[in-house]
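Visitor: First the structure, which I've put down as structure tokens, then a few questions once you've had a look.
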Amino acid sequence: MTARLAAFPAMDRHKNGCSNGATPDECLSSARQSQRDENPHSSKMTVLRRFAHSTLSPVLLMLSTPNWVMLVWFTAFRCDGSYACVGQLFRESQVNAPTPLIVFTLAGYVVFALTVMRILPGKTVYGPVTPKGHVPVYKDNGFACFVTTMVTFWLLTFVLKTFFAVSPTYIFDKFDEVLVTLNIFSPIFCVFLYLKGRLAPSCTDGGSSGNIIFDYFWGMELYPRVLGFDVKVFTNCRFGMTVWPLLVCVFALKSYELYGFVDSMFVTTTLQLVYCTKFFWWEAGYMNTIDIMMDRAGYYICWGCLVFVPGVYASVSLYMVNHPVHLGLPLTTFLLALGVLSIYINYDADKQKLQVRSSDGRCLVWGRKPSIIRAKYVLDSGETRESILLASGWWGLSRHFHYIPEILLAFFWSVPALFHDVMPYTYVIYLTTLLIHRSFRDETKCSRKYGCFWKQYRDLVPHKLFPFIF
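Under the UniProt record's numbering, the residues of the sequence shown are numbered 1 to 470, in order.
This is how it looks when you write it as structure tokens:
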């Protein structure tokens, strides 16, 4: 890997982000032109394409995605993890309506999550400046909230099992009710967000597309706040990314109650929990990702975090409750090591980028002076800003390298289920599709934002995602 970096041009040659005869002003002009030419609401867009993008696709997704989440549960719980038998049994079965116990449990968690989100301290951090010039402000208490939540869960588990003979694994037994409840609440919550964005927006980064269906699906606001709570921090982090490891613990506990210690469940549980712990340790960096920077708070992201993440991300553990696999010590150790290595590479890649940007490029990456491009871009207000594009370290291998260890990690925590069914690989298949698609979205966003600066970056780092392949 370091040999390839040696072939990169020296940093000084690209310190202004200009090569191939282009001046900084020409590059900046190109960035402005790219933003104008690639405007998604350009008059060049045909009526049919606009209808498909803004109306037909959102309607189809909103009608199909709630059923897909229920299908994953149904396959694991009623079809022994086999998609092949779903069709016949689905016609003969039905899901259960939510009981007060499940509604109370979910409502109680929401109150708890909002409480710790508000009261736990954290330093002030800032997100990236928006095209309108708005700089979002966050309280960086995600790791404290995560640790508090997990400790509270295990303390509550101890109290319930010791003094009341009740196990939190009733969540597994009634998981269909959990998903039904979330599927009812989430669309209603998205209606509230739509009305809020139309009537009382939190900032100027939002507005209507003129299509009510697309506005509901995509969202009206980029950074909505309600009673001082950041909506996307709650839906994405305090609910979706926190409920995921909670469910992993519930499913692991259910497996232990049924079979005792199972090494395959131990592998998948450990890797998922370590990954989620890393996420919250790095949560301030997450606020600079495409989820936060580009995706508005609508059905697309809010339903996804409130329903899809709990329903699909923990599906490997859900499957393995009824499918224990004994791997043996050598294979268990091997898979754990590969999974932890993937987590480290993912963390180190993010760390490299943050370190280079925070030091303004005055640091070492893999023991060498980093190759960077100082890319200028223009806000909607006309103000010019600058960002550093890193072309060294992991980021010299591909422009979106950090997605690769995420895909590998998802595979390593899925493969303990072995290959009897496709269902335990639902998440890794989904994730691979999502991240490949996201790499294209990233390319479009960056090309529009940086113009010929991005072209120079592509010349330095020719591979989009998979080094030497794609």
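Backbone N, C-alpha and C fix where the C-beta goes; we use that ideal spot for every residue, glycine too.
Please tell me whether N236 and C190 are closer than 7 Å, where the distance is taken between their beta carbons.
Guide: As a first step, residue 236 must be located in the sequence shown, where it is residue number 236. As a first step, residue 190 must be located in the sequence shown, where it is residue number 190. Going by C-beta atoms, N236 is not nearer than 7 Å to C190.
Visitor: What are the residues that DSSP puts in a beta bridge with E221?
Guide: Position 221 of the sequence shown, counted from the start, is the residue given in the question as residue 221. Looking at the DSSP assignment, E221 forms a beta bridge with G206.
Visitor: Can you give me the C-alpha to C-alpha distance between I301 and V59, rounded to a whole angstrom?
Guide: Looking up residue 301 in the sequence shown gives position 301. Looking up residue 59 in the sequence shown gives position 59. Rounded to the nearest angstrom, the two C-alpha atoms are 15 Å apart.
Visitor: Skipping 5 residues on each side, what residues in its chain have a beta carbon closer than 6 Å to that of Y457?
Guide: Here residue 457 refers to the residue found at position 457 when the sequence shown is read from its first residue. Once the five neighbours on either side are set aside, the close Cβ partners of Y457 are I373, L389.
Visitor: Using beta-carbon positions only, say whether Y138 and M287 come within less than 7 Å of one another.
Guide: Translated into positions along the sequence shown, residue 138 becomes position 138. Translated into positions along the sequence shown, residue 287 becomes position 287. In contact: Y138 and M287 (Cβ atoms closer than 7 Å).
Visitor: Would DSSP call K123 helix, strand or coil?
Guide: The residue labelled residue 123 in the question sits at position 123 within the sequence shown. Of the three classes helix, strand and coil, the one that applies to K123 here is strand, per DSSP.
Visitor: Starting from A375, trace the beta strand (DSSP E) both ways and give me its first and last residue.
Guide: Locating residue 375 in the sequence shown gives position 375, counting from the first residue. Looking at the DSSP string, the run of the beta strand (DSSP E) that includes A375 is 372-378.
Visitor: DSSP three-state call for A314: helix, strand or coil?
Guide: As a working note, residue 314 is residue 314 in the sequence shown. Reduced to three states, the DSSP call for A314 is coil.
Visitor: Once you ignore the five residues that flank I343 on each side, which residues in its own chain have a CB closer than 8 Å to its CB?
Guide: Against the sequence shown, residue 343 aligns to sequence position 343. Once the five neighbours on either side are set aside, the close Cβ partners of I343 are L271, V274, Y275, K278, P405, L409.
Visitor: For the structure I just gave you, are there three or more beta carbon pairs, one from the region 366-380 and one from the region 420-439, closer than 8 Å?
Guide: Short answer: they don't touch.
Visitor: Got a sec? Which residues, its chain only, sit under 8 Å from L120 by beta carbon, not counting five neighbours each side?
Guide: Here residue 120 refers to the residue found at position 120 when the sequence shown is read from its first residue. The answer, listed in chain order, is N141, A144, C145, T148.
Visitor: Once DSSP output is grouped into helix, strand and coil, what is the label at F261?
Guide: Mapped onto the sequence shown, residue 261 falls at position 261. Correct three-state label for F261: coil.
Visitor: How should W394 be labelled, buried or exposed, when 16 other C-beta atoms within 10 angstroms of its C-beta is the threshold for buried?
Guide: Taking the sequence shown and counting its residues from 1, the one referred to as residue 394 is at position 394. Buried: at least 16 other Cβ atoms inside 10 Å.
Visitor: Grab me the residues of L397's own chain with a C-beta within less than 6 Å of its C-beta, minus the 5 sequence neighbours each way, in chain order.
Guide: For the purposes of this step, residue 397 is identified with residue 397 of the sequence shown, where counting begins at 1. Result list for L397: P467, in chain order.
Visitor: For the alpha helix (DSSP H) that contains V135, what are its first and last residues?
Guide: Here residue 135 is taken as the residue at index 135 of the sequence shown, counted from 1. Premise fails: V135 is in no alpha helix (DSSP H) and is neither H nor E.
Visitor: Have a look at N96 and E177 and give me their C-alpha separation to the nearest angstrom.
Guide: Numbered from 1 along the sequence shown, position 96 holds the residue referred to as residue 96. Numbered from 1 along the sequence shown, position 177 holds the residue referred to as residue 177. Computed Cα separation, rounded: 6 Å.
Visitor: Once you ignore the five residues that flank W454 on each side, which residues in its own chain have a CB closer than 6 Å to its CB?
Guide: The residue you call residue 454 lines up with position 454 of the sequence shown. Answer for W454: C446, S447, listed in chain order.
Visitor: Where do the N-terminal and C-terminal ends of the alpha helix (DSSP H) with I345 fall, by residue?
Guide: Along the sequence shown, one-based indexing puts residue 345 at 345. I345 -> alpha helix (DSSP H) spans 329-358.
Visitor: My output table needs one value for S387: the three-state DSSP class, helix, strand or coil.
Guide: Taking the first residue of the sequence shown as position 1, residue 387 is located at position 387. Here S387 sits in strand by DSSP.
Visitor: Following the continuous alpha helix (DSSP H) through Q456, name the residue where it begins and the one where it ends.
Guide: In the sequence shown, the residue the question calls residue 456 occupies position 456. Note, Q456: alpha helix (DSSP H), 452-460.
Visitor: Does DSSP put R296 in a helix, a strand or coil?
Guide: On the sequence shown, residue 296 is found 296 positions in, with the first residue counted as 1. R296 falls in the coil class under three-state DSSP.
Visitor: Taking all protein chains shown into account, do 16 or more other C-beta atoms lie within 10 angstroms of the C-beta of D380, making it buried, or fewer, making it exposed?
Guide: Counting from one through the sequence shown, the residue named residue 380 turns up at place 380. Exposed: under 16 other Cβ atoms inside 10 Å.
Visitor: Just curious, the alpha helix (DSSP H) that L193 is in, first and last residue?
Guide: Within the sequence shown, residue 193 is the residue found at index 193, counting from 1. From DSSP, the alpha helix (DSSP H) with L193 extends over 175-199.
Visitor: Sort F74, K449, K464 by Cα distance to S439 and report the nearest one.
Guide: The residue given as residue 439 occupies position 439 in the sequence shown. The shortest Cα separation from S439 among F74, K449, K464 belongs to K464.
Visitor: In chain order, what residues of the same chain lie with their CB nearer than 8 Å to the CB of F104, ignoring the 5 residues before and after it?
Guide: One-based indexing of the sequence shown puts residue 104 at position 104. Around F104: no qualifying Cβ.
Visitor: With a threshold of 16 other CB atoms inside 10 Å of the CB of D215, please say whether the residue is buried or exposed.
Guide: Locating residue 215 in the sequence shown gives position 215, where the first residue counts as 1. With 16 or more other Cβ atoms within 10 Å, it is buried.
Visitor: If contact is defined by three or more beta carbon pairs under 8 Å, each pair taking one atom from either stretch, is the region 148-164 in contact with the region 254-265?
Guide: Contact fails: fewer than three Cβ-Cβ distances are below 8 Å.
Visitor: Mapping DSSP to helix, strand and coil, what is F251?
Guide: Here residue 251 refers to the residue found at position 251 when the sequence shown is read from its first residue. The answer is helix: DSSP assigns F251 an H, G or I state.
Visitor: Note the first and the last residue of the continuous alpha helix (DSSP H) segment covering F77.
Guide: Here the question's residue 77 lines up with position 77 in the sequence shown. That run of the alpha helix (DSSP H) goes 57-78.
Visitor: Our contact map puts Y403 next to S387 with C-beta atoms below 8 Å; I'd like the distance itself, whole angstroms only.
Guide: In the sequence shown, counting from the first residue as 1, residue 403 sits at position 403. In the sequence shown, counting from the first residue as 1, residue 387 sits at position 387. At roughly 20 Å, the Cβ-Cβ gap does not stay under 8 Å, so Y403 and S387 are not in contact.
Visitor: Measure the alpha-carbon distance for V69 versus L106 and round it to whole angstroms.
Guide: For the purposes of this step, residue 69 is identified with residue 69 of the sequence shown, where counting begins at 1. For the purposes of this step, residue 106 is identified with residue 106 of the sequence shown, where counting begins at 1. Their backbone Cα atoms lie some 17 Å apart in a straight line.
Visitor: How many Å lie between Y126 and E283 at the Cα?
Guide: Residue 126 sits at position 126 when you count from the first residue of the sequence shown. Residue 283 sits at position 283 when you count from the first residue of the sequence shown. The straight-line gap from Cα to Cα measures roughly 12 Å.
Visitor: Going by other Cβ atoms of all chains shown within 10 Å of its Cβ, with 16 needed for buried, is S358 buried or exposed?
Guide: The residue you call residue 358 lines up with position 358 of the sequence shown. Looking at its Cβ environment, which holds fewer than 16 other Cβ atoms inside 10 Å, S358 is exposed.
Visitor: By DSSP, does H41 sit in helix, in strand, or in coil?
Guide: For the purposes of this step, residue 41 is identified with residue 41 of the sequence shown, where counting begins at 1. Because H41 carries a pLDDT of 46, less than 50, the predicted location of this residue cannot be relied on, and the following value inherits that uncertainty. Reduced to three states, the DSSP call for H41 is coil.
Visitor: For R368, which residues does DSSP report across the bridge?
Guide: By one-based count along the sequence shown, residue 368 stands at place 368. V365, per the DSSP bridge assignment.
Visitor: Is it the case that the Cβ atoms of L246 and F175 are separated by a distance below 7 Å?
Guide: By one-based count along the sequence shown, residue 246 stands at place 246. By one-based count along the sequence shown, residue 175 stands at place 175. No, the pair does not count as a contact, with Cβ atoms beyond the cut-off.
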